[in-house]
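Peer 1:
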Amino acid sequence: MEEIVQKSIVEPWIEEEQCGLGRGTTDQLFTLSRIIDGAWEYAHPVSMCFHDLEKAYDRVPREKLWEVLREYGVRGSLLGAIRSLYAQSESCVRVLGSKSKAFPVGVGLRQGCALSPILFVVFMDRISRCSRGEEGLQFGGLRISSLLFADDVVLMASSVCDLQLSLERFAVECEAVGMRISTSKSEAMVLSRKPMDCLLQVGNVSLPQVKKFKYLGVLFTSEGKMECEFSQRMGAAGAVLHSLYHTVVTKRELSRNAKLSIYRSIFVPTLTSGHEGWVMTERTRSRVQAAEMGFLRRVAGVSLRDRGRSSAIREELGVEPLLLCVKRSQLRWFGHLVRMPPGRLPREVFQARPAGKRPRGKTQD
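For the sequence shown, UniProt numbering assigns the number 1 to the initial residue and increments by one for each residue that follows.
1. In terms of residues, what are the limits of the alpha helix (DSSP H) holding D52?
2. For M179, I'd like the list of residues in its chain whose CB is within less than 6 Å of its CB, leaving aside the five on either flank, ordered along the chain.
3. Does the stretch 23-34 come within contact of the stretch 337-357, defined as at least 3 CB pairs closer than 8 Å?
4. Please confirm whether L241 and F295 have their CB atoms less than 8 Å apart.
5. Give the straight-line distance between the Cα atoms of E15 and I313, rounded to the nearest whole angstrom.
6. According to DSSP, is T250 helix, strand or coil?
7. Quick check: the stretch 280-288 against the stretch 244-259, are there 3 or more CB pairs under 8 Å?
8. Considering Cα atoms alone, identify which of K99, G141, F139 and L147 is closest to V121.
9. For S159, which of E276, P45, V288 and V326 has the nearest alpha-carbon?
10. Under 7 Å Cβ to Cβ from R193, same chain only, skipping five residues before and after it: list those, please.
11. Is the CB-CB distance between Q289 and L323 below 8 Å?
12. Let's test the definition: count the other Cβ atoms within 10 Å of the Cβ of D170 and tell me whether it reaches 16, buried, or not, exposed.
13. When you compare each of Q111, A114, L109 and S89 to A102 by their alpha carbons, which one comes out closest?
14. Within this structure, are the beta carbons of C19 and F139 separated by less than 8 Å?
15. Would you say L115 and A352 are within 8 Å of each other, going by their C-beta atoms?
16. Straight-line CA distance for V68 to I82?
17. When you compare only the Cα positions, how much space is there between C174 and P61?
18. Return the CA-CA distance between E11 and S303, expressed in angstroms with no decimal places.
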């Protein structure tokens, strides 16, 4: 049933800004990275607010959800089948070993149900549509006001005032359907070549302004640089190596094949997470190779003092250079990008050129 709802009825309605339905984090991370790179290159300030919702799944009002599904084309027996999953839904509370009487529940989505993520994305898409105004970020002929991955939201605007208006409208739409922005998990950031204040409020709560924020596992900074993200990747990979050092890497009872299997399944994904959007410099390549060989040398039982060539160690272990794997994966992603149909946001952002001229001076790495 979830496949019918997603592909035949709901998916054509979902806006491009929402990537929580069969598209994945890579699309969203590439879009945000491209916007940040282009805005920095042409010296266009970007005001951003990162936020999510409080207890999002548990707060969805079901009667309102049925109305939204009708708007998105889910009607008749299909809507009836979905509603039957929530019919006569009851809960009880356990206190000191005793259960309370059962009481009806009219809010929240079923945890663990394959249909729940689809229903939630539809509900969030409706909130996003209703909260959209004339504000937003002008990027090469595109107007982008938000990016969503389920309830992880980035609001964007060309000025702090416009961003505050967008945030207020989004908060009002959330409150209207029983949802609430989590102010403890919300932060503001301004991408600008000059220091700028970004004083945002949700109700009476002021949101902190930060210089870096981790969105979908990738660290973005107010200076548009990825150096902090690379450092974080190296640190995470180093922590993995440290945790596996005695139990896996140097354990004589484990075969090399077993160690290399763990290397490919744990160490490499940790080191290269989000690599599709990396802009590789010579320093980045050197750091990735150093982290890679730090693991492989220990598997091979070789130290730096032995002065063994990296190529010889890889050949002995039967491992491809990690940089080659990264480059191949980036080319695969690029092929996916250029094959996207017109209208897909990652493709449109990739082809867009910000207005104006580049300022004088050296571009950042």
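Even for Gly, the Cβ is constructed at its ideal location relative to N, Cα and C. Keep in mind that this is a model prediction, so the values were computed, not measured.
Peer 2: Straight from the coordinates:
1. Your numbering for residue 52 matches position 52 in the sequence shown. Run containing D52: none; DSSP gives neither H nor E here.
2. Reading the sequence shown from its first residue, position 179 is the one you call residue 179. Closer than 6 Å at Cβ, skipping near neighbours: L53 and R59.
3. yes
4. Within the sequence shown, the letter at position 241 stands for residue 241. Within the sequence shown, the letter at position 295 stands for residue 295. Closer than 8 Å, so yes.
5. Taking the first residue of the sequence shown as position 1, residue 15 is located at position 15. Taking the first residue of the sequence shown as position 1, residue 313 is located at position 313. Taking the straight line joining both Cα atoms gives about 49 Å.
6. Translated into the one-based positions of the sequence shown, residue 250 becomes position 250. T250 falls in the coil class under three-state DSSP.
7. no
8. Stepping through the sequence shown from its first residue, residue 121 is reached at position 121. Selected option, being the one with the closest Cα: L147.
9. As a first step, residue 159 must be located in the sequence shown, where it is residue number 159. Per the Cα distances, P45.
10. In the sequence shown, residue 193 corresponds to position 193, counting from 1. So the qualifying residues of the chain are A43.
11. The residue given as residue 289 occupies position 289 in the sequence shown. The residue given as residue 323 occupies position 323 in the sequence shown. Yes, Cβ-Cβ distance for Q289 and L323 is below 8 Å.
12. Working through the sequence shown from its first residue, we reach residue 170 at position 170. The sequence shown places Phe at residue 170, rather than the Asp named in the question. The residue is buried, with at least 16 neighbouring Cβ atoms inside 10 Å.
13. Mapped onto the sequence shown, residue 102 falls at position 102. Selected option, being the one with the closest Cα: S89.
14. Walking along the sequence shown from the start, residue 19 turns up at place 19. Walking along the sequence shown from the start, residue 139 turns up at place 139. It is not a contact, given that the beta carbons lie outside the stated cut-off.
15. Locating residue 115 in the sequence shown gives position 115, where the first residue counts as 1. Locating residue 352 in the sequence shown gives position 352, where the first residue counts as 1. The answer is no: Cβ separation not under 8 Å.
16. Start at 1 with the first residue of the sequence shown, and residue 68 comes out as number 68. Start at 1 with the first residue of the sequence shown, and residue 82 comes out as number 82. If I take the Cα positions, the gap works out to 13 Å.
17. Translated into positions along the sequence shown, residue 174 becomes position 174. Translated into positions along the sequence shown, residue 61 becomes position 61. Each residue's alpha carbon lies about 11 Å from the other.
18. Here residue 11 is taken as the residue at index 11 of the sequence shown, counted from 1. Here residue 303 is taken as the residue at index 303 of the sequence shown, counted from 1. When rounded, the distance between both Cα atoms is 53 Å.
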